[in-house]
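To convert, note that position 35 of the sequence shown is 35 in the UniProt record's numbering; the numbers rise steadily by one, no gaps. Where is the CB? At the ideal position from N, CA and C, for every residue including glycine. Please read all numbers here as calculations on a predicted model, not as lab measurements. Notes to accompany the following structure.
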Amino acid sequence: MAAVFLAFSGAYGAAAACLLIAAAADGVDGYVARKTSSGPLGAHIDSLVDTVSFGVAPAVIIYCISESFISVVFVCFYLICGILRLARYNAFPSKEPGYSGIPITGACVAIAVFIIMYLNLEKIEVVFPYGIEILMIFMFVLSLLMISTVPYSKVMKKGTFVVLIIVFLGTIASVFIGNPVIIVFPLILSVLMLMYLISPLAGIIGKKKSVDL
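Encoded structure:
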């Protein structure tokens, strides 16, 4: 909810940073839940929290940034797709090691990183033409990926956890520190998120090569 209040007050960078903090907390919470075997009540509460943190909050932030009526269509579509994604996850738990469709947490992180990069570029006076319009299209694509059956792997593994935490902390710090050098952290996170978004293509290409052989 802090992200929502910050967005309404115009602190968009701090609001996006809150989304990253929520995503990190969700990763830790999920790890604890798997180790302690939490019951169905905990799972439903977790979904409600995810709806607010990764559905409502980014939708409100983008609406406040865009200040346009047309953005209502995009943010509502994103929120609906996010709710459907969470509902499908609860109703049809997959036995596969990965995800069917990008998780709402991943979509939210991608949006948060885009916003932070956009604001950081403004700080160093780099013009990003049609940034808001591109953000809307990006949000629409993420919405479709959430309700799709495109396979995505899990990223919270032992080898990547520490690296992700460092990059997350650096990205959050870039919102509050004026040094342009620290912009490297959101840039790295942007590249990592882009690689994750297109990662299913690698699997498709790999399967096609195997068939051709």
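*Using the C-alpha atoms, what's the distance from residue 165 back to residue 17?*
13 Å
*Contact belief for residue 76 with residue 7 at Cβ below 8 Å, rounded distance in angstroms*: With 8 Å as the limit, residue 76 and residue 7 do not qualify as a contact, their Cβ atoms being about 16 Å apart.
_Buried or exposed by the 16-neighbour rule on C-beta atoms within 10 Å, applied to residue 193_ = That one is buried.
*asked:* Is it buried or exposed, residue 1, if we count other Cβ atoms within 10 angstroms and call 16 or more buried?
replied: Under this definition residue 1 is an exposed residue.
*asked:* Excluding the 5 residues flanking residue 112 on each side, which residues of the same chain have their C-beta closer than 8 Å to its C-beta?
replied: Hits under 8 Å: 16, 17, 19, 20, 23 and 58.
_Distance check for residue 55 and residue 83, CA to CA, integer angstroms please._
7 Å
*Answer yes or no: do residue 12 and residue 61 have a C-beta to C-beta separation smaller than 8 Å?*
Yes.
*Relative to the C-alpha of residue 4, which residue among 51, 44, 43 and 132 is closest?*
Sorting 51, 44, 43 and 132 by C-alpha distance to the C-alpha of residue 4 places 51 at the top.
*CA-CA distance, residue 102 and residue 151?*
8 Å
_alpha helix (DSSP H) segments (min. 4 residues) lying fully within the segment 32-110_ = The segment 32-110 contains these whole alpha helix (DSSP H) runs: 40-50, 57-66 and 71-91.
*Does the distance from the CB of residue 110 to the CB of residue 142 come in under 8 Å?*
Yes. Within cutoff.
*Where residue 152 falls: helix, strand or coil (DSSP)*: strand
*What does a CB cutoff of less than 6 Å around residue 198 pick up in its chain, not counting 5 residues either side in sequence?*
none
*Return helix, strand or coil for residue 178, following the three-state DSSP convention.*
Note: residue 178 maps to coil in three-state DSSP.
*Alpha carbon to alpha carbon, how far is residue 129 from residue 122?*
Going by the C-alpha atoms only, they are around 11 Å apart.
*Can a CB atom of chain B be found closer than 8 Å to the CB of residue 200?*
In the structure shown, chain B does not exist; there is a single protein chain.
_Proximity to residue 155 [Cα-Cα], best of 125, 93, 98 and 29_ = 98
_Beta-carbon proximity list for residue 107, same chain, < 6 Å, skipping 5 on both sides_ = 142 and 146
*Quick one: what does DSSP say residue 124 is sitting in, helix, strand or coil?*
coil
*Apart from the five residues on each side of it in sequence, which residues of its chain come closer than 7 Å, Cβ to Cβ, to residue 132?*
65 and 66
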